[in-house]
Amino acid sequence: MTQTPFAYAPAPESVRPALKPSYGLFIDGRFVAPKSGRSFRTINPATEEPIAEVADAGAEDVARAVAAARKAFPKWSRTKPAERAKLLFRIARRIQERSRELAVLESMNGGKPIKESRDDDLPLVVQHFFHHAGWCDKLAYAFAGAQPRPLGVCGQIIPWNFPLMMAAWKLAPALACGNTCVLKPAETTPLTALVLGEILQECGLPEGVVNIVTGGPDAGRAITALAGRNGGRNAVDKIAFTGSTEVGKAIARSVAGTGAKLTLELGGKSPNIVFADAALDQAVEGVVGGIWFNQGHVCCAGSRLFVEESIHDDFVARLERRMQQLRVGDPLDKNTDVGAINSKAQLETINRYLKAGGDEGAVRHEVSCTLPKKGFWCRPTIFTGVQPSHTIAREEIFGPVVSVMTFRTPDEAVQRANNTTYGLSAGVWTEKAARALEMSNRLHAGVVWLNTFNRFDASAPFGGYKESGFGREGGRQGLSAYIRLGGGR
Amino acid sequence: MSAARVEVAKTLKLYVNGAFPRSESGRTVPVLDARKRLVAHASHASRKDLRDAVESSNAAQPKWAAATAYNRGQVIYRLAEMLEARRAEFISLISALEGRSKAEATKEVDRAIDRCVCYAGWTDKIASVLGGKQPVAGPYFVFSMPEPTGTVAVMVPDAQPLLALVSLLLPVIASGNAAIVVAPLANAPLAIAFAEAVATSDVPGGVVNILTGITSELAPWIASHRDIAAVCGARLSSGDAKSLELGAAENLKRVCLFHDAPAFEDDAFWHAPFAIAPFVEIKTVWHPSAL
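These protein sequence lines map, in sequence, to chains A and B. For the first sequence, counting from 1, position 211 maps to 211 in our numbering; every step adds exactly one. For the second sequence, counting from 1, position 113 maps to 1113 in our numbering; every step adds exactly one.
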């Protein structure tokens, strides 16, 4: 372990969220007991201690939520857009007021550092509601001449890496366009969505406009099973999913032929490309943020690092030195850089990849700190000597693990970067503007970060090429996911 | 008195990579007009023909996408010129094949040609309408732009064969995609006359490939082909739609079958950039704008 003469004193966040011991399903404006009769404990991954008891929705509960959303749709979709807007603005404001508490809860339930939930997740949650609130009465300008109309009931299934942010990315545009929603938070991180349910109640969002069903994969499947355009009592008109490519494909198959609309925001194995002419210390910071932000539980993480061959040794040395400074530990400590792995299952997945990396011949460098005894932890890790054929260079690890490879020419960098079935994001580090822009044109990715990484904004569309999914979230382009155009059927 | 002149009948082939090959399968199918008289024999495209078309279209697409939007506009305008030159041929083919009146056929052909002109004007405006600078809350210069998706399969329905073909194909190629058109055998004479217009315009070989065949036979191969990036179609049977969407999950192709779209006569819908949007990817690029 690198001993520094000056250790950081703990700086724990003191606020504790007001939590109930148990939560029902949020259906038709009320928290109700699940008809399934099942519930599960949701834990803090940093301590493995239970936080609350949460309902496990069955197919019957999902059908009930969808029916509530259907019932609410005619009135909500005909609500004067400017009135819809005011409700969304109000929601944004109320979340802003409760940001600190929600940030703490996000870190408790998901394991991410409070620094990130406070400075990244919550501000983006608020901004998404605020940004989309303003779209409600401007859709006719966004789709000029094309008569935009809402789709109906949207089934929205979200992951555990940015729980409340994903809820906002799904709900805000759907509601702005006049749809009603059934949201299923991830099994391991249901709590902030449930508090959001309370906020929606408090803000006077009409009953049934948003319904929140907690549960596991079965609850998700119960939603996609209702996909279909028949407009029946239990039909879902649109499925929006963020999660793994494997599950995304299964959802695409189950939605096929039903006429329901589909958008998918899936996995990635994003390249982060560092040219020899980059500002190297800035690039190091960008690579750090690109892979160790949120423990690497980021679909657009820069998990393949391509370094121009001439600077490889120097750059890796700088990166490793910087990595050793990362503070891994209590997510609620304001000094923490890297928090807990979201779940035991995810830790096991990451560990399998760490083993594969070593077995296939890559060289492992990791942070040499002591890890807490309880909870799920993984040391930030760099693999050097990685070949493009290695498992850790091809598959999404979804953990704090970066694979370093080299290139000699810009053409080679483009070819290697694009040599993946994914296409979510890409990073480029160079001080030469024309090179940066040329690379941005040639990289097959939905988001390209030039001399920066992992930036998000409610006004900037986010989403993938190829098997990273389709559809965008954010900005005018993101609205397309929630509207129907033209005067036709 | 000499006997009536023997008409020179056209052999209908496929259009792949800028050339007119026969189907490798050797299969041909008689095409009858509305009065059940033999018009010609159509080439019945096979899975192997599809593979050849994919190869040619994937080879041609990057160059087409890299052409300036202004250049693509001129090429598509040239296609409209070639269609106009064949206007009489299209009119008589439509009225013969479909048994529709000359007046009706004329309307369809004129609308198709005018739609082509409309898309010639879209190429260098798509980016301004579908993309733009994003006002993010931070010191970053952020812009979003549409990029073509790649090779797109275009499934043409039976009715209104020319207008449907133009309405579905032009939004696809205007943004820089390459296309593999699958046209019904019954309308092969029309689809191949269109191919001849394409071949004599400046559309580079491989950017538009035209196969005449049976949708339900080719649909599963199209859907599961990993080098096809998207599927465009309209007015398909629910069985074909399902088989395309199901197979597309294999590599998460984009599938837009215009379920909600109005009739092809609806200029407001079919001339709008939103017909182009399903076949482009929005790329968002960030750069710091302050030191």
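Glycine residues also receive a C-beta, built at the ideal position from the N, C-alpha and C atoms. The structure displayed is predicted, hence computed values, not measured ones.
As assigned by DSSP and simplified to three states, the class of residue i
i	result
A:V386	coil
A:S77	helix
B:M1145	strand
B:N1058	helix
B:Q1160	coil
B:W1122	coil
A:A426	strand
B:S1224	helix
A:G58	coil
A:K466	helix
B:R1047	helix
A:L164	helix
A:V414	helix
A:L264	strand
A:G286	helix
A:R484	strand
B:P1139	coil
A:T406	strand
Euclidean distance between Cα positions of residue i and residue j
i	j	result
B:Y1140	A:F453	11 Å
B:V1109	B:L1093	10 Å
A:T384	A:V316	8 Å
A:R455	A:G286	11 Å
B:V1285	A:M439	11 Å
B:W977	A:L88	Examination of residue 977 of chain B is not possible in this model, given that chain B is present from 1001 through 1291 alone.
A:K170	B:R1078	44 Å
A:E13	A:E467	39 Å
A:G302	B:G1132	25 Å
A:P17	B:S1224	49 Å
A:D119	A:S99	10 Å
B:R1323	A:G463	There is simply no residue 1323 of chain B to check, as chain B begins at 1001 and stops at 1291 in what is shown.
A:T2	B:V1172	With a pLDDT of 49 at A:T2, under the threshold of 50, the modelled position of this residue cannot be trusted, and the question is left open.
A:W135	B:R1087	45 Å
A:R304	A:I273	8 Å
A:T192	A:P185	9 Å
A:W449	A:A426	6 Å
B:S1056	A:A413	26 Å
B:I1076	A:G471	28 Å
A:K269	A:V401	11 Å
A:Y353	A:W292	16 Å
A:F6	B:A1127	54 Å
A:I382	A:Y465	26 Å
A:N44	A:Q325	25 Å
N- and C-terminal bounds of the beta strand (DSSP E) containing residue i
i	result
A:W449	447 to 450
B:A1183	1178 to 1184
B:V1039	1038 to 1043
B:P1030	1028 to 1032
A:N454	Segment: none, A:N454 is in no beta strand (DSSP E) and carries neither H nor E.
A:A222	Per DSSP, A:A222 belongs to no beta strand (DSSP E); it is in the alpha helix (DSSP H), 217 to 224.
B:G1131	From DSSP, B:G1131 is part of no beta strand (DSSP E); its letter is neither H nor E.
A:R476	Note, A:R476: premise wrong, no beta strand (DSSP E); alpha helix (DSSP H) at 475 to 479.
First through last residue of the alpha helix (DSSP H) which encompasses residue i
i	result
B:F1194	1188 to 1200
A:S440	433 to 442
A:R253	245 to 255
B:V1203	Taken as a continuous stretch (DSSP letters only), B:V1203 belongs to no alpha helix (DSSP H), as it is neither H nor E.
A:T420	First-last for A:T420: undefined, no H or E at that position.
A:I491	The question about residue 491 of chain A has no answer here: the residues shown for chain A are numbered 1 through 489.
Proximal chain E residues relative to residue i, where beta-carbon distance stays under 8 Å
i	result
A:R70	No chain E is present in this structure, whose protein chains are A and B.
Near the ligand GTP: residue i beta-carbon under 7 Å from a heavy atom
i	result
A:V125	Ligands in the displayed structure: none, and consequently the ligand GTP is not present.
- Task: For the stretch 135 to 147 of chain A, enumerate the residues whose C-beta is nearer than 9 Å to any C-beta of chain B, in chain order.
- Result: Cβ proximity to chain B below 9 Å picks out F143, A144, G145, A146, Q147 from the stretch 135 to 147 of chain A.
- Message: In chain order, what are the residue ranges of uninterrupted beta strand (DSSP E) at least 3 long that sit wholly in the stretch 180 to 214 of chain A?
- Response: Entirely contained in the stretch 180 to 214 of chain A, the beta strand (DSSP E) runs reaching 3 residues are, in chain order, 180 to 184, 210 to 212.
- chain B contacts from the stretch 414 to 440 of chain A (Cβ-Cβ distance under 9 Å): Within the stretch 414 to 440 of chain A, the qualifying residues are T421, G423, A433, A436, L437, S440.
- alpha helix (DSSP H) runs contained entirely in the stretch 65 to 153 of chain A, provided each spans 4 or more residues: Runs of the alpha helix (DSSP H) inside the stretch 65 to 153 of chain A: 81 to 97, 99 to 110, 122 to 133, 139 to 142.
- Which ranges would you report for the beta strand (DSSP E) in the stretch 292 to 360 of chain A if only whole runs of at least 3 residues count? For the stretch 292 to 360 of chain A, the full-length beta strand (DSSP E) segments reaching 3 residues or more read 304 to 308 along the chain.
- Query: Which whole runs of the beta strand (DSSP E) in the stretch 1238 to 1287 of chain B are 3 residues long or more, in chain order?
  - Reply: Segments of the beta strand (DSSP E) lying fully in the stretch 1238 to 1287 of chain B: 1254 to 1256.
- Output the residue ranges of the alpha helix (DSSP H) runs that lie fully inside the stretch 1078 to 1103 of chain B and measure 4 residues or longer, sorted by chain position. Those alpha helix (DSSP H) runs which fall completely within the stretch 1078 to 1103 of chain B and span 4+ residues are 1087 to 1098.
- Message: Using a Cβ-Cβ cutoff of 8 Å, what residues of the stretch 1257 to 1273 of chain B are near chain A? List them in chain order.
- Response: Correct list: H1259, D1260, A1261, P1262, A1263, D1266, A1268, F1269, A1272.
- Item | chain B contacts made by the stretch 307 to 326 of chain A, where a contact means CB separation under 9 Å | Residues passing the 9 Å Cβ filter: none.
- Query: Relative to chain B, which residues along the stretch 449 to 460 of chain A have a C-beta separation below 7 Å, given in chain order?
  - Reply: Within the stretch 449 to 460 of chain A, the residues whose Cβ lies closer than 7 Å to some Cβ of chain B are W449, L450, N451, T452, R455, D457, S459, A460, listed in chain order.
- Query: Of the residues that make up the stretch 257 to 290 of chain A, which ones have a beta carbon closer than 8 Å to any beta carbon in chain B?
  - Reply: Answer in chain order: G257, G259, L264, L266.
- Task: Determine which residues of the stretch 107 to 133 of chain A have a Cβ less than 8 Å from any Cβ of chain B, and write them out in chain order.
- Result: Going along the stretch 107 to 133 of chain A in chain order, one finds Q127 with a Cβ nearer than 8 Å to chain B.
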